[in-house]
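Chains as they are written, first to last, in this note's numbering: chain A, 1 to 439; chain B, 1001 to 1439; chain C, 2001 to 2439; chain D, 3001 to 3439.
All C-beta atoms, glycine included, are put in the ideal place defined by N, C-alpha and C.
In this text the structure is predicted, and so the values were computed from the model without any measurement.
4 protein chains.
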Amino acid sequence: MRVGNSVLPLTSRPVMHIDKHQIAQHNQRLEASHGRRFAQLAEDLPNVEKIVQQLNDFQVAIPSWALGTGGTRFGRFSGGGEPRNLEEKIADIGILHALNRSSGSISLHIPWDIPEDYAAIRTLAAHYGLVFDAMNSNTFQDQSGQPLSYKFGSMQHVDRAVRQQAIDHNIDVIKQGMELGSKSLTVWLADGSSFPGQLNFRKAFQNTLECLREVYEALPDDWKMFVEYKAFEPNFYSTTVGDWGQSLLYASKLGEKAYTLVDLGHHLPNANIEQIVALLLMEGKLGGFHFNDSKYGDDDLTTGSIKPYQLFLIFNELVEGMDSRGMDHTKDLGWMIDASHNLKDPLEDLVQSVEAILVAYAQALLVDREALIEAQASNDVVQAQEVLQHAFRTDVRPLVAEARKRAGAALDPLALFRDLDVRGKLIKERGTKAVATGL
Amino acid sequence: MRVGNSVLPLTSRPVMHIDKHQIAQHNQRLEASHGRRFAQLAEDLPNVEKIVQQLNDFQVAIPSWALGTGGTRFGRFSGGGEPRNLEEKIADIGILHALNRSSGSISLHIPWDIPEDYAAIRTLAAHYGLVFDAMNSNTFQDQSGQPLSYKFGSMQHVDRAVRQQAIDHNIDVIKQGMELGSKSLTVWLADGSSFPGQLNFRKAFQNTLECLREVYEALPDDWKMFVEYKAFEPNFYSTTVGDWGQSLLYASKLGEKAYTLVDLGHHLPNANIEQIVALLLMEGKLGGFHFNDSKYGDDDLTTGSIKPYQLFLIFNELVEGMDSRGMDHTKDLGWMIDASHNLKDPLEDLVQSVEAILVAYAQALLVDREALIEAQASNDVVQAQEVLQHAFRTDVRPLVAEARKRAGAALDPLALFRDLDVRGKLIKERGTKAVATGL
Amino acid sequence: MRVGNSVLPLTSRPVMHIDKHQIAQHNQRLEASHGRRFAQLAEDLPNVEKIVQQLNDFQVAIPSWALGTGGTRFGRFSGGGEPRNLEEKIADIGILHALNRSSGSISLHIPWDIPEDYAAIRTLAAHYGLVFDAMNSNTFQDQSGQPLSYKFGSMQHVDRAVRQQAIDHNIDVIKQGMELGSKSLTVWLADGSSFPGQLNFRKAFQNTLECLREVYEALPDDWKMFVEYKAFEPNFYSTTVGDWGQSLLYASKLGEKAYTLVDLGHHLPNANIEQIVALLLMEGKLGGFHFNDSKYGDDDLTTGSIKPYQLFLIFNELVEGMDSRGMDHTKDLGWMIDASHNLKDPLEDLVQSVEAILVAYAQALLVDREALIEAQASNDVVQAQEVLQHAFRTDVRPLVAEARKRAGAALDPLALFRDLDVRGKLIKERGTKAVATGL
Amino acid sequence: MRVGNSVLPLTSRPVMHIDKHQIAQHNQRLEASHGRRFAQLAEDLPNVEKIVQQLNDFQVAIPSWALGTGGTRFGRFSGGGEPRNLEEKIADIGILHALNRSSGSISLHIPWDIPEDYAAIRTLAAHYGLVFDAMNSNTFQDQSGQPLSYKFGSMQHVDRAVRQQAIDHNIDVIKQGMELGSKSLTVWLADGSSFPGQLNFRKAFQNTLECLREVYEALPDDWKMFVEYKAFEPNFYSTTVGDWGQSLLYASKLGEKAYTLVDLGHHLPNANIEQIVALLLMEGKLGGFHFNDSKYGDDDLTTGSIKPYQLFLIFNELVEGMDSRGMDHTKDLGWMIDASHNLKDPLEDLVQSVEAILVAYAQALLVDREALIEAQASNDVVQAQEVLQHAFRTDVRPLVAEARKRAGAALDPLALFRDLDVRGKLIKERGTKAVATGL
């Protein structure tokens, strides 16, 4: 768990903030019933202290673009009080982190979040106990003043000059990340085609690989490159990094600093994502994770709101696979939320998402590994299901709440967010028309 | 809850049966920990007694074909000890019902289960506390000695003689059901086409409607007809009762005794089944339910093994919709499991399925309706999700176990099934080569 | 076929237009090879004259929002020369219609296309030989100055005032349509939910039905109301008019002027759209059609670019079903393109779409109905496929070109569009930064 | 093109066969109209002779299990006259090959087709001009007398003894293939799981890889191993060789004789198969192809009956990709049909499938490569589509027929099959109850 201790200059201090006393007061009110539930649950669990500690340690990065209202091509319905600049985005994540102490890092998107003063931004983040997670480049939109267009792709582009522009941009993003203390670059390419014949698939792959190689060359030794894949959208016929197989192919050809990044919403219908995760871990090539949930495509809904059992099964593979390689749950993979908050208050949505992630992680930690291995070894399919469902059906919320309590966060972050009227105060501070940069 | 009290003639008595003492002994062993967990849960629930009673009352019909090992077109791996005739199928459901007291009815499939002596079969069923649920006709296979083939459909068939054969068969099934005390007929038609051009869709619909009308005419006044729909398989281009819209069209044209039957596995990818359920209830046309689970198609897996949250959401609509119409949860809809037990012991699979159904039903009963209505009325999407997820995340297993205990069933049916070595005894009784009729 | 003959006031005349001489010159150049191909094809076809006439008569409406570059939530890459107002949109469709004489109507979208002077707009349209097809309302976006928000739906909304606003808007759209000579209203509702619990499905349906009833009341006697359905997007959990079954339920409850509208991209994966079309025609409830193509969701690609055989099969059902009811192919259904031109020049995209529609229609007209009926009557699946594939594999482009030639349009519209550098001239006229209203 | 010239011993001669005179007579009757159509088409094509030669050379292997009626888990409706043994299966393919001269090889399935006398079988095949294509092993079913069961997988199995049994079987299949002159082994593993928790994905992969390695060791130097993947069925949660990414991973780890095999029906909904093909060719790892068609899953319908444009796009990639590597279209990839003939006469179904394959191949050969490259190089998406659609919309059937004519096959194989009443004669020879081994 990370705690911020820097001193924030007076002028940067936002009106809205959550202090320790508010949290303590809130927790005190809920302590009796929480304490009882936690104690009851602890009776049935052998290793409750260890699990609470693991939950305490777990941190999910928040992308800077998740603090504003999202939209679809059909429209966007803004909710008011959105952060107007990077400083306010950091402040929002600061509020979130104060509430749950599980959101201790921020993932920036360039060019939406170019800092003017790196040192000041680092200080500001540190004040909230935040560090900088993966940097995200953008070659799927044209920025005003940009010489060449990405209309027909970026790294796949038939024109070398466009490809060079995309390479240069990514290298620039790395440089900015170095200033901020980031250690990884996420490359999501929207490159692909919407019509048969538009692309030569092979050349598109090779152009992309060549560009990624040049970016990879510029990567510091202690950095990772995440190659994100997506089945479709915004291109509707093919995508040049379209599935885990393609991403793994790129990552393998690039080298040991290159990894695959899995976004839960980027698959064809019915894909078995947990198997993909297990195989990528087996190959040592799983790098990071984008959490969200979906029913139809890249719906970018609140994590755990549609398929919570799938989320648990994924965490079950993550825990098993990481443990089998001796990996550190908190450091060796990049965890990030990547959702679009079209209808909900973005901060409330993030509170729900982080809670769902921690619930699934706690359930996965509860899985009786020995019993599962034994069931598998004897092809006892019924018992294997019992082991998993026992963990999933257990109400682990007291564990998650206890971990928060011990970290100095709120027992019920959503309730406190509402009790303190955080959004109301943000609207007062920023106005109802504030619109965050992003999608 | 139904309890059997008839006297079974000595010669019909199977070797394997579960008696009250075995259950009492089992329950006694688990009582301490169960009692504690139930009491702890009851502390947090306002209406625990009512919920336990509702769980106690809830009964799920077991299809006669679910007692044997299922298979795919690629093969079938029998497990041994399968029931060799209708009497043994009833005995198997008797075992199941003794274990959970929630499986108090049997759904027969004709011609797989034609009784030789109706009175004897009724007595046998009553001995186990079982009644006869919906009768199922079969016009998707050719039986030996059958004059005309269903290769190109039954009720949709271009040849009137084939259609008449299908009508006659269904009327015969009704008659058999009347002898047994059944009150409903489920018509699942595999009719459809595998190639463009094979059918005139309109004529296929009209032929089918005309046949269903003739069967409907033969339906006793206190019977219901369930028109089941399915998106695909065994036909792979079109199905003549292919979705809820088509089923509703048939049911509406047929009359008030005709209803739609929903099988969870019979939809296109990503269908919102809970919305379908809600709309059919709104129209007063939801008749019955076939439980199972699936990831890809009609996979016929254990209920709740893949998408337990979807199952809960469906029950949430069922409870809300039935209550809004003043319907009786236990009598006004037909509940049945319809799965294929390819890998698991069929009885263990059914134990897990019934448990998953009761868990989902209990969660749905826990939903704070007033809070949900209030959240909906104020477009508080976050709070609406909280209300549902609170119910879903609660560990309701103690409620389900308590309901079983009060009904004289086992606190942990699966554990008792294994402790008593039920399958081992069935194999001893029936042999390892016994193969049940069915798919 | 409709031909414009009004006189356009000098000031409204755009720089870019296509005149008869240009078309004649173009056709003369291609006549030799076209004539030969057409003659060769005619040798093998019994009723070529009738088919050419039917192709000649067929008209597809162009939506006003299809003339600009479309986009996704990730961005939009404008192409330049887009129409800046309704007059220029009409001019664009005029160009298209001059090229193919098959695009003789325009479908307006309110509030994107509110005319300032109805008479002038009617005159302008008539000048190009265009009439006004279905009017489209918009309750899926908030317009500036709109008192209440559609963020949580319009006709489904829990607040009666929002519902009234949606009703009033639709009635206003009808009134505008009456001024322009339109005869139908298309209601596409984005209403739905993105999260379980957000909506009460039944109440959402009933609110929507109640609103549609009020709009229906305001519908002139000779108008039709089209109730469009869509499986998902922009809502990602449920849609309140989500499939053909729901649309048919609304349309049936509303009355005889209400119909279902089918958009090819609005279905779940693998849906059999041709069967839906056949059943809706059977019920007398198919009202209109939105053409486009897609691989994943509502991709809104060029019609026929992904699944041309499906398009043919749909036309095969349309022709068969309309003929069986004695319907007029050109008047009794509303035909419209509804696509998003993200990568292609919108006018070129429309030329390709109209061509694909006419090709599919021509193939459907070629189907040997008697042979098909005979094959179906004898369950000769092989022969039924042969009949359909023979029509589909026939190269019908000479028929379509001949129909165009006889109507005074270009033998090769795309080639002429490029030869005349239409887009270049439009850019010169309107600038590279012109952005059309719409998505 | 291969022609058989061995002498078949009198006793082996089947009653039904097709001789040269019958074909000549048939062709003579159709020559006039065919000749005209071919000549007309040739006028528009620059390289018609080369294309006809390529079509002439193209051979598709027929699997031995495709000669009988297929079924689903719901039933099988046999059609009569099915081959009763390997000799009769070869005779059936002989008939097919006589009709189209494009089906000159047979793919055996062990243990369904174990020859008793290799030399005799080779002679018999040679008599019909047939050679032996890929051998297929079977570890997805239990054979009577087999010591260990594949119920829980074969090469993935937790029990080393089961894995050894699967290895031994595959090595045995190689040996049998060596006797027959085959040069490749297709390994399709049904291995996977139907329930979460059933498998440890990583161990299942590693067990499978280890087994494949042992089989690979036994592979002769001039053989290839094809690792087939499938998304689901008969397992419904995970498959251990589930997608092209997994197959490529196995093939890469195995070595240069190991390749991926693509079956068109083995993907998740909406997968872009043509891109997969292009990437596998790029990697030098595409080994073979199983043709069929489908709408929902592994429907195993007649090739080209559902998505003919997709088939063309796949061939477009195959031609482009093979040419770019200097590969021989006829020898360097394994082409096979793999379908299930549930409703159609198997031989008629195969005639239609081979025709559809040749049509798609011919269309792909027609693609103007230079124009396509130029369109791609200038991001002219409209023109790229025009190039592809021009090839696809061209009626290439005269080219395919001409190739057949030159090879001594029938201009219209289906018509001749029916004219000669082949099936009627086979039924007379074999009876109506003959049922072929296979699925």
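Taking buried to mean at least 16 other C-beta atoms within 10 Å of its own C-beta, is G255/A buried or exposed?
exposed
I'd like to know whether the C-beta of V3158/D is nearer than 8 angstroms to at least one C-beta of chain A.
yes
Euclidean distance between Cα positions of L1350/B and S1252/B
33 angstroms
Are the beta-carbon atoms belonging to R430/A and E88/A less than 8 angstroms from one another?
yes
Is it the case that the Cβ atoms of A2403/C and N2056/C are separated by a distance below 8 angstroms?
yes
Provide the residue span of the alpha helix (DSSP H) that contains H97/A, from first to last.
L86 to N100
With H, G and I counted as helix, E and B as strand and the rest as coil, what does DSSP make of P1063/B?
strand
Return the residue from the list N2027/C, T2072/C and S2149/C that minimises the CA-CA distance to P234/A.
T2072/C
Quick test of your reading: Q376/A and A384/A, contact by CB under 8 angstroms. State the CB separation rounded to the nearest angstrom.
6 angstroms
Beta-carbon proximity check, L1313/B vs A1339/B, cutoff 8 angstroms:
no
Three or more C-beta pairs below 8 angstroms linking the stretch 2147-2166 of chain C and the stretch 2107-2115 of chain C
no
For H2026/C and D2299/C, which I take to be in contact (beta-carbon distance under 8 angstroms), what is that distance rounded to the nearest angstrom?
That pair is no contact at about 32 angstroms.
Taking Cβ-Cβ distances shorter than 9 angstroms, what residues in chain C pair up with F239/A?
Reading off the sequence shown, one finds Thr at residue 239/A, where the question assumed Phe. Those within 9 angstroms of T239/A in chain C number zero; the least Cβ separation is about 10 angstroms.
Nearest to E1348/B (by Cα), restricted to the options V381/A, L372/A and I373/A:
V381/A
Return helix, strand or coil for R2423/C, following the three-state DSSP convention.
helix
Roughly how many whole angstroms lie between the Cα atoms of W3065/D and A3371/D?
42 angstroms
Considering M3322/D, what are the terminal residues of the alpha helix (DSSP H) in which it resides?
P3308 to S3324
Shortest alpha-carbon distance to A3134/D belongs to which of G3181/D, I3090/D, E3116/D and N3379/D?
G3181/D
Nonlocal neighbours in the same chain, by C-beta distance under 6 angstroms from I23/A, ignoring five residues either side:
A410
Beta-carbon proximity of V187/A to S247/A, cut-off 8 angstroms
no
Of all Cβ atoms in chain C, is any one closer than 8 angstroms to the Cβ of T3394/D?
yes
Less than 8 angstroms between the CB atoms is what I'm expecting for T240/A and Q352/A, so what's the real figure, rounded?
Rounded, the Cβ-Cβ distance is 33 angstroms, inconsistent with contact.
G326/A classed as buried or exposed, judged by whether at least 16 other C-beta atoms fall within 10 angstroms:
exposed
Put R1397/B into one of helix, strand or coil per three-state DSSP.
helix
When you compare only the Cα positions, how much space is there between P1077/B and G1070/B?
Residue identity check: residue 1077/B is Phe in the sequence provided, not Pro. C-alpha separation (whole angstroms): 8 angstroms.
Counting only beta-carbon separations shorter than 8 angstroms, does E3233/D have a partner in chain B?
yes
C-beta atoms of W3335/D and A3061/D nearer than 8 angstroms:
yes
Give the residues of chain A in contact with L2189/C, contact being defined as C-beta atoms less than 8 angstroms apart.
In chain order: nothing, as chain A lies at least about 12 angstroms away.
Grouping DSSP H, G and I as helix and E and B as strand, with all else coil, what is W2244/C?
helix
Using the beta-carbon of each residue, which ones in chain B are nearer than 8 angstroms to R397/A?
R1393
If you measure between the beta carbons of E3317/D and F201/A, is that distance less than 8 angstroms?
yes
Inter-residue Cα distance where the pair is L86/A and P346/A:
16 angstroms
Listed by chain order, chain D residues near T1302/B by CB distance under 8 angstroms
F3195
Would the beta-carbon of K1230/B fall within 8 angstroms of that of D1263/B?
yes
Coil, strand or helix - D1263/B by DSSP
strand
Neighbour list for Q352/A in chain B, Cβ cutoff strictly below 7 angstroms:
V1382 and Q1385
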